[in-house]
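Enquirer:
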Ligand code: CP
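Residue numbers (this note's numbering): 161 to 480.
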């Protein structure tokens with residue numbers, strides 16, 4: 161089936177290549193709205209979107225909010241500190257109370273894997289979009305990563321993408337593995353063995369514990385942040401940040417010696433400068449990190465539009 165006919169976006173696991181390709185095509189069209197002087201279309205006029213962010217975020221939260229406003233939706237933001245979850249209310253109670261006010265979409269970021277799936281089952285009349293849940297998935301991040309690669313390299317099929325860093329704790333890595341493999345890319349993961357989940361090869365990825373081998377001939381190198389907030393709960397995974405940086409951090413010299421001249425460097429942000437990436441690489445000629453952020457708005461516009469029914473719904477409701 162071509163198109164994207166789903167109430168929710170919980171993850172990229174289980175999405176078909178047609179569905180992912182369709183979201184990227186729609187996002188490519190929305191990119192142009194972001195380049196106009198008047199950055200607003202009536203596509204979601206009369207719709208309401210609640211941003212429920214129970215974990216910190218700069219990029220994802222702002223990007224979803226800008227995307228919804230550019231589609232003319234009304235937006236409402238709730239963060240962890242300002243919500244009644246701090247008084248002991250359960251996520252499900254919070255979500256049911258919000259749903260009673262009839263929002264069309266709830267965008268949820270949550271520290272627990274599975275939280276968006278729980279809401280998806282509990283709220284049949286509200287679209288749920290996962291903005292990152294624990295170590296599980298961050299589907300719109302992977303979609304914007306794929307759009308960035310597709311735009312820079314002309315396609316995903318047959319391309320080699322190396323994901324470097326803390327694979328175990330990374331929802332970005334997991335969504336990218338599902339999405340990139342589905343779209344026909346070859347995926348390598350690279351990092352200390354302590355940060356690579358056992359059995360990950362079963363997802364069809366190559367595993368490297370040596371940066372030189374991991375990035376050799378790769379078209380794209382996606383650097384991940386060392387997630388101090390998740391690592392601190394589980395003990396020690398590498399001796400020191402300095403040691404990690406020496407083994408798996410990327411600088412100009414390593415790139416010059418080991419990588420393709422035209423390699424693309426990506427990072428989902430926030431960057432730990434001087435740990436996984438030196439500024440000369442993060443801000444250098446290989447970097448498409450700000451392209452990722454730019455494409456994120458278009459991807460989120462596409463996802464919100466599509467979970468509310470896309471073109472058919474817009475035309476029926478006089479919004480198209
Ligand atoms: N990439 C990403 O999820 O960044 P934020 O945590 O700032 O949203």
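Ideal Cβ positions, reconstructed from N, Cα and C, are used throughout, including at glycine.
1) Classify residue 198: buried if its beta carbon has 16 or more other beta carbons within 10 angstroms, exposed otherwise.
2) Count the other CB atoms, across all protein chains shown, that sit within 10 Å of the CB of residue 452; report buried if there are 16 or more and exposed otherwise.
3) Give the straight-line distance between the Cα atoms of residue 358 and residue 368, rounded to the nearest whole angstrom.
4) So with Cβ pairs under 8 Å, would you call residue 409 a contact of chain D?
5) Below 8 Å between beta carbons: does that hold for residue 233 and residue 200?
6) Unbroken alpha helix (DSSP H) runs of length 4 or more, entirely within the stretch 271–349: which are they?
7) For a quick check, are the C-beta atoms of residue 309 and residue 424 less than 8 Å apart?
8) Do residue 225 and residue 307 have their CB atoms nearer than 8 Å?
9) Between the alpha carbons of residue 319 and residue 174, how many angstroms are there, rounded?
10) Closer than 7 Å to a non-hydrogen atom of the ligand CP - does that hold for the CB of residue 294?
11) Give a single yes or no on whether residue 330 has its beta carbon closer than 7 Å to a heavy atom of the ligand CP.
12) Would you kindly work out how many angstroms separate the C-alpha atoms of residue 429 and residue 331, rounded to a whole number?
13) For residue 166, which of 290, 469 and 270 has the nearest alpha-carbon?
14) Taking residue 195 as part of the beta strand (DSSP E), name the residues at either end of that continuous run.
15) Check the C-beta distance from residue 158 over to residue 386 and give it rounded, since I have them as a contact under 8 Å.
16) Note down, one range per segment and in chain order, each alpha helix (DSSP H) of at least 4 residues found wholly within the stretch 375–417.
17) Following a CB-centred definition, is residue 430 positioned closer than 7 Å to any heavy atom of the ligand CP?
18) Taking residue 267 as the reference, give the member of 214, 363, 317 and 346 with the closest Cα.
19) Using 10 angstroms around the beta-carbon of residue 402, count the other beta-carbons present and answer buried if the total reaches 16, otherwise exposed.
20) Taking the alpha helix (DSSP H) that residue 224 belongs to, which residues open and close that run?
21) Does the ligand CP have a heavy atom nearer than 7 Å to the CB of residue 217?
22) With DSSP as the reference, please indicate the residues paired to residue 213 in a beta bridge.
23) Under 8 Å between the Cβ atoms of residue 322 and residue 288?
24) When you compare the CB positions of residue 273 and residue 295, do they come within less than 8 Å of one another, or not?
25) Going by C-alpha to C-alpha distance, which of 221, 191, 220 and 410 sits closest to residue 426?
26) What does a CB cutoff of less than 6 Å around residue 346 pick up in its chain, not counting 5 residues either side in sequence?
27) Look at the Cβ atom of residue 265, then the Cβ atom of residue 461, and state whether they are nearer than 8 Å.
28) Please state whether DSSP places residue 422 in a helix, a strand or coil.
29) Is it true that the CB of residue 305 sits closer than 8 Å to the CB of residue 384?
30) Can you grab the Cα-Cα spacing for the pair residue 431 / residue 218, in whole Å?
31) Does residue 433 come out as helix, strand or coil in the three-state DSSP assignment?
Expert: Taking the geometry as given:
1) Here residue 198 is exposed: its Cβ has fewer than 16 other Cβ atoms, across all protein chains shown, within 10 Å.
2) By the neighbour-count rule (16 or more Cβ atoms within 10 Å), residue 452 is buried.
3) Distance from the CA atom of residue 358 to the CA atom of residue 368, rounded to whole angstroms, is 13 Å.
4) Annotation note: the requested chain D is absent from the structure, which comprises a single protein chain.
5) Between residue 233 and residue 200, the gap from beta carbon to beta carbon reaches 8 Å or more.
6) Qualifying alpha helix (DSSP H) stretches, in chain order: 275–282, 299–313 and 331–342.
7) The Cβ atoms of residue 309 and residue 424 sit closer than 8 Å to each other.
8) Contact flag unset, no.
9) Cα-Cα distance, rounded: 21 Å.
10) The closest heavy atom of the ligand CP lies 7 Å or more from the beta carbon of residue 294.
11) For the ligand CP, not one heavy atom lies less than 7 Å from the Cβ of residue 330.
12) Their backbone Cα atoms lie some 13 Å apart in a straight line.
13) Residue 469 is the option with its Cα nearest to residue 166.
14) Premise fails: residue 195 is in no beta strand (DSSP E) and is neither H nor E.
15) No answer is possible for residue 158: the residues shown for the chain start at 161 and end at 480.
16) If only complete runs of 4 or more residues are kept, the stretch 375–417 shows the alpha helix (DSSP H) at 388–394 and 401–408, in order along the chain.
17) Yes, since a heavy atom of the ligand CP falls inside the 7 Å radius drawn around the Cβ of residue 430.
18) Closest by alpha carbon: 214.
19) Result: exposed.
20) Note, residue 224: alpha helix (DSSP H), 219–230.
21) Result yes, Cβ under 7 Å from the ligand CP.
22) The secondary-structure analysis by DSSP pairs residue 213 across a beta bridge with 239 and 269.
23) Contact flag unset, no.
24) Contact flag set, yes.
25) Per the Cα distances, 410.
26) Same-chain partners within the cutoff: 320.
27) Inclusion of residue 265 and residue 461 in the CB contact set at 8 Å is not warranted, their separation being larger than that value.
28) Of the three classes helix, strand and coil, the one that applies to residue 422 here is coil, per DSSP.
29) Not a contact, by the Cβ cut-off of 8 Å.
30) Rounded to the nearest angstrom, the gap between the Cα atoms of residue 431 and residue 218 is 12 Å.
31) Three-state DSSP puts residue 433 in a strand.
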